[in-house]
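Here is the structure we will look at.
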Amino acid sequence: MDGLISFANSVGSILTSWSAVDVVWATLLGIIVGMLPGLTATLGVALLTTLTFKMEADQAILILVCMYVGAIYGGSRSAILLNIPGTPANAATALDGFPLARAGKAGSAMAIATTGSVFGGLIGMIALAVIAPVLAEFALSFGAFEFFWLAVFGVLISGQLTSLDDPIKGWIAGFLGLFIATIGQEGIYAVPRFSYGSTDLSGGIGLLPAMVGAFGLAEILTVMRHEAFEAVRAKSDSVWSGIREAYKYKFTAIRSGLIGTLMGLIPGVGEDMGSWASYAAARQTSKNKEEFGKGSVEGLLAAESGNNAAVPGALIPVLTLAVPGSAPAAVLLAAMVIHGIRPGPLIMIESPGFVYSVVAMVFLATIAMGVLGLLLTRPLVLVLKVTRERLMPIIFVLCTVGAFAIASRTFDVWVMLFFGVFGFILRELKYPMAPLILGIVLGDILDKSLRRGLVLSDGELMQFFNRPISMVLWISALLFILLTMPSIRKLLGRLFKQKAEGGVQ
Amino acid sequence: MSHQSSMNKADFISSIILTLFGIGVVVESLRLPRLENLNVNAYTVPGIVPGFLGLFLTVAGLAIFVRSIRRGGWKLSLNKDGMRRWLGSAMVMRTAVTVVITMGYAILLFPNVPFWIATPIFIFVFVVATEAMKYGGLPDRKKLLTALVLAIIAGLLINYVFQDLFFVRLPGG
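If you read the protein sequences in the order shown, they are chains A and B.
Going by the numbering used here, the first residue of the first sequence is number 1, and it counts up by one from there.
Going by the numbering used here, the first residue of the second sequence is number 1001, and it counts up by one from there.
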């Protein structure tokens, strides 16, 4: 009940102040950022972090949450109209959204995507309100051993899920991120590591310049490398018929919302998997499987409910464990720290109201996204007419100034450039970016937890394995990795088949 | 050449770099101070975590190296003509031009030239160079004028937003 009152108070205070204007412009900007291929939610949140760090904490976080929610939804527009996902989270949206647009149902498709996103966002928001306080309380029992496994679990699972075809590359990306986090003064004795006398390197690699590089410059290079996309003129039917059609599949939206939230909750997995997993589940249970990929309303609804539900889902571990559920959530975590908020297990003790403020922010951003998305269907299409040749230099200027603005250091611009080129090469070699970023965030936790754990156990490694929560974490990570390996799945399949045949005989 | 075959070759080269990098991390971790003079617990020495990470990267690099050899990635079959064709392809040219212009801006112009001058120059050069590649020649007068107007407006607007609205002191004068 206290939570509900805090939530209502937060909604009331945002709506009755200038913050309501922030909700509108930040969500609209998010939608535009998401729509433009080459601009991702992560980059949008990172660039806005550099612009808002002189604002009050609540106002800055509100703007960033609105940008995040808006961008994940905005990507559906380009997926539907251009067959190019605006953000990686909208890749599944293009599978059915584009065929619908080609069939002259662009308006309906955009309405279905909007309805799905609102549904997903609200389901995720409820989960955030319900799960975050419980998880925070549970996390109070975490010690060095548990945090060590949480970091390992996060990097391994994120590496596995973001690189399903070649998990080893996902793990390498994650471990490279963990290594990057060890550069600079370490947290126990303040010994500089891998700094080689450089004062800038002793301070460590900043997460924000690294992310602006990995998601900004790397994206610019990727977009410029490939052939230009052609903006299409959408034949638009009524958006209202789309809402009615989406309503027919309300149970699909609810299921996708729950799956998306769960995917968001898993460290470093986020919206992309939220969308794909929801889409796969919808296809598996649908009565009209053959329509998937050819313009299925159910498929489009599932993909969009899944990715937007993952947004509040990804905020749950941010608030309660200080572990990001996705790449944009990692930036949000960094922004919270910049603004003096301390996410982690103590959040419900130190600032319980903040969790419900974030719930209120997600709620208002979701509503603004729905209203703006439906009302501005036609004007927003104009954004897609900007050519990459004219957009990319402006984005690069924002990346450069954004990296510099954080600490007014030219060194951060070098970091941005390095991660831009390094990230581009890694992407071309099919190494995913999300585990790399998660590794940078979790590196410090892993470093301190392993060393503290070894001191506490006096070098006795068994203590890392036999404590109840540690046991759950390492066994689930191991099982998850084993079960997603094709060779193990084949072996299990063969064993079950043999057993079944034995049973029949 | 199939995409998978190119990837195997890329994996072969990158795995060598990764393995060497991993070994380098292990060696450098071993060279980090162990703080014996401070009598610190041996389990908390600063090199322990990066050492383990370096070990993982070495093993993972070797795993990809072995896999790429099994898949024939070691047959790089480099030849002059192939290299020339690859270097001259539109994809590589676009990437190279983007890298050169962006680096030129961030490394040379941004720290040394006033922002309101450096940024319009960069935007104009970027638009004209990439449009020239797109259309196969210098853009027409109308496109050039549009690029110039865009460069000036964007440069001044970004300058105003960061310097005057958000009080970020930009470098370069």
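Even for Gly, the Cβ is constructed at its ideal location relative to N, Cα and C.
Small disclaimer: the values here were computed from a predicted structure and weren't measured.
When you compare each of the options to residue i by their alpha carbons, which one comes out closest?
i                 : options                                    : result
ILE568 (chain A)  : A:MET67, A:THR400, A:SER305                : Because chain A spans 1 through 505 in this model, residue 568 (chain A) falls outside it and cannot be assessed.
ILE123 (chain A)  : A:ARG489, A:VAL421, A:ALA314               : A:ALA314
ILE1013 (chain B) : B:LEU1170, B:ILE1069, B:LEU1087            : B:ILE1069
MET392 (chain A)  : A:PHE496, A:GLY216, A:LEU319               : A:GLY216
PHE1167 (chain B) : A:LEU482, A:PHE404, A:ALA277               : A:PHE404
PHE145 (chain A)  : A:GLY453, A:GLU501, A:ILE316, A:LEU482     : A:GLY453
PHE119 (chain A)  : A:ASN307, A:VAL381, A:ALA335, A:ARG342     : A:ASN307
ALA79 (chain A)   : A:GLY344, A:THR42, A:ALA94, A:SER408       : A:ALA94
THR1058 (chain B) : B:VAL1049, B:MET1133, B:PHE1021            : B:PHE1021
LEU258 (chain A)  : A:GLY295, A:ALA310, A:THR16, A:THR410      : A:ALA310
ALA218 (chain A)  : A:ILE425, A:LEU483, A:ASP444               : A:ILE425
ILE266 (chain A)  : A:ALA322, A:VAL415, A:MET348, A:GLU227     : A:ALA322
ALA1115 (chain B) : A:ALA500, A:ILE84, A:VAL401, A:SER238      : According to the sequence as given, residue 1115 (chain B) is Phe; it is not Ala. Considering only alpha carbons, the answer is A:VAL401.
GLY121 (chain A)  : A:ILE61, A:GLU271, A:ILE63, A:PRO209       : A:GLU271
GLY97 (chain A)   : A:LYS294, A:ARG283, A:ASP2                 : A:LYS294
GLU186 (chain A)  : B:ALA1010, B:SER1029, B:GLN1004, B:LYS1009 : B:SER1029
VAL1045 (chain B) : A:GLY274, A:TYR189, A:VAL269               : A:TYR189
PHE194 (chain A)  : B:ASP1011, B:VAL1027, B:SER1015, B:ILE1016 : B:VAL1027
PRO88 (chain A)   : A:GLY104, A:ARG102, A:ALA71                : A:ALA71
MET263 (chain A)  : A:VAL297, A:LEU483, A:SER408, A:ILE316     : A:ILE316
PHE153 (chain A)  : A:SER256, A:VAL24, A:SER457, A:ILE445      : A:ILE445
GLU460 (chain A)  : A:THR182, A:MET348, A:LEU450               : A:LEU450
VAL1099 (chain B) : A:ILE32, A:ARG225, A:PHE53, A:ILE172       : A:ARG225
GLY457 (chain A)  : A:ALA277, A:GLY143, A:VAL421               : The sequence as given places Ser at residue 457 (chain A); Gly does not occur at that position. For SER457 (chain A), the nearest C-alpha among the options comes from A:GLY143.
ASP166 (chain A)  : B:ALA1060, B:PRO1050, B:LEU1053            : B:ALA1060
For residue i, which three-state DSSP category applies?
i                 : result
GLY344 (chain A)  : coil
GLU56 (chain A)   : coil
LEU1156 (chain B) : helix
MET35 (chain A)   : helix
ASN307 (chain A)  : helix
ILE1013 (chain B) : helix
GLY260 (chain A)  : helix
MET433 (chain A)  : coil
VAL1045 (chain B) : coil
PRO267 (chain A)  : coil
ASN105 (chain A)  : Residue 105 (chain A) is actually Lys in this sequence, not Asn. It is coil, neither helix nor strand.
LYS448 (chain A)  : helix
ARG378 (chain A)  : helix
TYR249 (chain A)  : coil
LEU491 (chain A)  : helix
GLU460 (chain A)  : coil
Name the DSSP beta bridge partners of residue i, please?
i                : result
ARG193 (chain A) : A:GLY184
At which residues does the alpha helix (DSSP H) containing residue i begin and terminate?
i                 : result
TRP149 (chain A)  : 144-161
ILE1117 (chain B) : 1115-1135
PRO209 (chain A)  : 207-212
PRO468 (chain A)  : 468-483
PHE1162 (chain B) : No alpha helix (DSSP H) holds PHE1162 (chain B); DSSP gives it neither H nor E.
PRO352 (chain A)  : 352-375
SER10 (chain A)   : 2-15
GLY328 (chain A)  : According to the sequence displayed, residue 328 (chain A) carries Pro and not Gly. Residues 327-338.
ARG225 (chain A)  : 218-225
Where residue i and residue j are concerned, what is the direct C-alpha to C-alpha distance, given to the nearest angstrom?
i                 : j                 : result
ALA132 (chain A)  : PHE147 (chain A)  : 17 Å
GLY493 (chain A)  : PRO486 (chain A)  : 10 Å
PRO948 (chain B)  : GLY197 (chain A)  : With chain B covering 1001 to 1173 only, the question about residue 948 (chain B) has no answer from this structure.
ASP1140 (chain B) : GLY34 (chain A)   : 31 Å
GLY370 (chain A)  : GLN1163 (chain B) : 34 Å
LEU1150 (chain B) : GLY107 (chain A)  : 31 Å
LEU382 (chain A)  : LEU48 (chain A)   : 23 Å
ILE180 (chain A)  : THR1019 (chain B) : 16 Å
ARG102 (chain A)  : TYR73 (chain A)   : 20 Å
ILE32 (chain A)   : GLY1082 (chain B) : 41 Å
LEU442 (chain A)  : GLN498 (chain A)  : 43 Å
VAL506 (chain A)  : ALA1063 (chain B) : Nothing can be reported for residue 506 (chain A): it is not among the residues displayed for chain A, which extend from 1 to 505.
LEU1035 (chain B) : PHE1056 (chain B) : 25 Å
VAL472 (chain A)  : LEU479 (chain A)  : 10 Å
TYR68 (chain A)   : LEU29 (chain A)   : 10 Å
MET1007 (chain B) : LEU161 (chain A)  : 20 Å
LEU1145 (chain B) : TRP240 (chain A)  : 42 Å
THR40 (chain A)   : ILE395 (chain A)  : 11 Å
GLU501 (chain A)  : ARG489 (chain A)  : 18 Å
PHE464 (chain A)  : ALA57 (chain A)   : 37 Å
ASN1120 (chain B) : GLY1024 (chain B) : Looking at the sequence provided, one finds Pro at residue 1120 (chain B) rather than Asn. Using only the alpha carbons, I get a separation of about 43 Å.
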